[in-house]
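K.L.:
Handing you this structure, nothing more for now.
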Amino acid sequence: MYVKLTKKFITENLLPHLSQTHLGRRTKVPLWRIVKAIIHRAKTGTQWRELPVGHF
């Protein structure tokens with residue numbers, strides 16, 4: 605069974621399990637977009653600099 609990684613799924617099911625300390629600087633993009641990019645990179649095996657910019 606495959607789960608489509610939508611914004612709603614990531615924010616409701618994945619983000620509550622991540623630690624969100626306030627020790628670093630704020631990100632310029634929402635955390636759900638970062639999670640989606642990490643999963644895409646792991647799935648495809650591309651390099652970080654070759655990720656599509658506007659895709660996530």
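Position one of the sequence shown corresponds to residue 605 (my numbering), numbered consecutively onward.
Think of the CB as a built atom: it goes at the ideal place given N, C-alpha and C, for glycine as much as any other residue.
Owing to the predicted nature of the structure, the values given are computational and were not obtained by experimental measurement.
(1) Quick check on Val639: does DSSP put it in helix, strand or coil?
(2) Report the CB separation of Leu655 from Ala641 in whole angstroms; it is logged as a contact under 8 Å.
(3) Do you know how far the Cα of Leu627 is from the Cα of Lys608?
P.N.:
Let me lay it out:
(1) Of the three classes helix, strand and coil, the one that applies to Val639 here is helix, per DSSP.
(2) 6 Å
(3) 32 Å
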